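Participant: Below you'll find the structure I mean.
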Amino acid sequence: MPVISVPYAFNEDELYVDLRSIFGHSLFLKCEGFNFAGSIKLKAATEMVEAAERDGVLTPESILVESSSGNLGVALSMIAASKGYRFLCVTDSRGNLSTRMMMEALGSEVHMIAGQEANGGFLGARIAYVRALCASDDRYVWLSQYTNPSNWKAHYRTTAPEIARQFPRLDVLFVGAGTTGTLMGCARYFREWHRPVRIVAVDSVGSVSFGGPPGRRMIPGLGMSMRPPLLDEAYVDEVIRVEEADTIRTCHRLARRGFLFGGSTGTVVSGATDWLAGHDARDLTAVAVGPDLGERYLDTIYQTNWLKDLYGEEVLDSDDVAAGSWASSPAPPTRWGGSLDLQTGDHHGNQHHQFHDRKT
5 MPVISVPYAF NEDELYVDLR SIFGHSLFLK CEGFNFAGSI KLKAATEMVE AAERDGVLTP
65 ESILVESSSG NLGVALSMIA ASKGYRFLCV TDSRGNLSTR MMMEALGSEV HMIAGQEANG
125 GFLGARIAYV RALCASDDRY VWLSQYTNPS NWKAHYRTTA PEIARQFPRL DVLFVGAGTT
185 GTLMGCARYF REWHRPVRIV AVDSVGSVSF GGPPGRRMIP GLGMSMRPPL LDEAYVDEVI
245 RVEEADTIRT CHRLARRGFL FGGSTGTVVS GATDWLAGHD ARDLTAVAVG PDLGERYLDT
305 IYQTNWLKDL YGEEVLDSDD VAAGSWASSP APPTRWGGSL DLQTGDHHGN QHHQFHDRKT
């Protein structure tokens, strides 16, 4: 029986759901939402805070500040409350109401950005606000999940070894791409492993992380409106992009079987099952990382009026949700190019073309 004295000391790291009976493919979903922060972001938040403490960056007078669409903000709110730090989360209107209320209940301040950058994303505006805060008062400490190596090191140290212990014959791993901390930590670990593991990144349509045009994204979590500075394409074998409508249908299909997962998990599962459907996966051991649970999406993904207003009446077609037979197919695997300037928020030089396999 675990006995803890601080909330970030507990995380369930050995729970998997076998999705074969729901989707018809052998796929093990690693459930990362069973901790007091409710998502995989607890790992990165803990690692970044503790690294800043070791380096002497964080002091009792410090004010933590971070840009987050939701889950990292909750994790940092919980850690800040436990350790006695003040915390300000800079978010935007896509964030779920329940997430903002949770951060405020934990004693954090939440600032919502209303304006968007030119390409339709909020990230540049959020970063600009954080930078202005830090310039105005040296008590502010920005952990910068987008550039902080402790983000990916957390998953190199925890998430990937956890999967390796349970699946010593792992063949393919599906990981969602947001800041790419989870993706890079897992990919680096398995590059050094005793057998080749195919690393498949799952991104949202409209994200520019791996190239391609920016587009509207209403579900917070995965995807970026700028190229993630932590991303190194050399560690990624393939990229799958998922339409938000498919994310929603996957979430509802899981819910119809009693599993209430969040938008990021729905995206990863949708991409993974599409990939498995297009490959001879009978003898493959496949694992997908599920970052979040569904309670924080009750007023969005699981709210009928919200869905129909944004995606149309057909988004929850009953046959599609029940059988998973929606017509859309994943975009061709692509690779990205370009760079992110966190000083200006500019995104440079995106081009996309076929992603070549790197393993034989």
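Numbers in the working numbering are just positions in the sequence shown, counted from 1, shifted up by 4.
In this text, a Cβ means the ideal position worked out from N, Cα and C, and glycines have one as well.
The model shown is predicted, which means the values in this text are computed figures rather than measured ones.
Buried or exposed: where does residue 172 fall if 16 or more other Cβ atoms within 10 Å of its Cβ makes it buried?
Facilitator: Exposed.
Participant: Look at residue 254 and residue 273 and say whether their C-beta atoms are less than 7 Å apart.
Facilitator: Yes, these two residues count as a Cβ contact at 7 Å.
Participant: Is the beta carbon of residue 203 closer than 7 Å to that of residue 4?
Facilitator: The requested residue 4 does not occur in the structure, where the chain is confined to residues 5 to 364.
Participant: Do three or more CB pairs link the stretch 18-35 to the stretch 122-142 at distances below 8 Å?
Facilitator: Taking 8 Å as the limit for Cβ pairs, the verdict is that the stretch 122-142 does not touch the stretch 18-35.
Participant: Tell me which residue opens and which closes the beta strand (DSSP E) that residue 222 is part of.
Facilitator: Counting along the chain, residue 222 falls outside any beta strand (DSSP E), and DSSP gives it neither H nor E.
Participant: So for residue 163, helix, strand or coil by DSSP?
Facilitator: Residue 163 falls in the helix class under three-state DSSP.
Participant: Three or more C-beta pairs under 8 Å: does that hold for the stretch 56-76 against the stretch 306-315?
Facilitator: Judged by Cβ distances under 8 Å, the stretch 56-76 makes no contact with the stretch 306-315, as fewer than three pairs qualify.
Participant: What runs of the alpha helix (DSSP H), each 4 residues or longer, lie entirely inside the stretch 45-91?
Facilitator: Whole alpha helix (DSSP H) segments, 4+ residues: 45-58 and 75-87.
Participant: Compare the Cα-Cα distances from residue 73 to each of 226, 159 and 23 and report the closest residue.
Facilitator: Selected option, being the one with the closest Cα: 226.
Participant: Excluding sequence positions up to five away, which residues of its chain have a Cβ less than 8 Å from the Cβ of residue 330?
Facilitator: Interpretation of residue 330 is limited by its pLDDT of 37, a score under 50 that renders its predicted location unreliable; no figure is taken from the coordinates.
Participant: Anyone know if the C-beta pair for residue 266 and residue 297 falls short of 7 Å?
Facilitator: Closer than 7 Å, so yes.
Participant: Tell whether a beta-carbon distance below 7 Å holds between residue 114 and residue 69.
Facilitator: No, Cβ-Cβ distance for residue 114 and residue 69 is not below 7 Å.
Participant: What would DSSP say about residue 242, mapped onto helix, strand or coil?
Facilitator: Reduced to three states, the DSSP call for residue 242 is strand.
Participant: Here's a check: name, in chain order, each residue in its chain whose Cβ is nearer than 8 Å to the Cβ of residue 1, leaving out the five neighbours to either side.
Facilitator: Residue 1 lies beyond the residue range present for the chain, which begins at 5 and ends at 364; the question has no answer from this structure.
Participant: So does the stretch 145-163 actually touch the stretch 178-192, counting three or more Cβ pairs closer than 8 Å?
Facilitator: Output reads yes: the stretch 178-192 touches the stretch 145-163.
Participant: Can you name the start and end residues of the beta strand (DSSP E) that residue 178 belongs to?
Facilitator: Here the beta strand (DSSP E) through residue 178 covers 176-180.
Participant: Can you name the residues that DSSP bridges to residue 259?
Facilitator: BP columns for residue 259 are empty, so no partner.
Participant: Can you confirm whether the stretch 105-113 touches the stretch 82-96 when touching is taken to mean that 3 or more C-beta pairs between the two stretches lie within less than 8 Å?
Facilitator: Enough Cβ pairs lie closer than 8 Å, so yes.
Participant: Starting from residue 33 and walking both ways along the beta strand (DSSP E), at which residues does that stretch end?
Facilitator: It spans 32-35 - the beta strand (DSSP E) in which residue 33 sits, taken as one unbroken run.
Participant: For residue 105, is the classification buried or exposed, using 16 other Cβ atoms within 10 angstroms of its Cβ as the cut-off for buried?
Facilitator: Exposed is the call here.
Participant: What first and last residue would you give for the beta strand (DSSP E) that runs through residue 25?
Facilitator: Residue 25 -> not in any beta strand (DSSP E); alpha helix (DSSP H) instead, spanning 24-27.
Participant: For a test of the three-state rule: what should DSSP assign to residue 116, helix, strand or coil?
Facilitator: Strand at residue 116.
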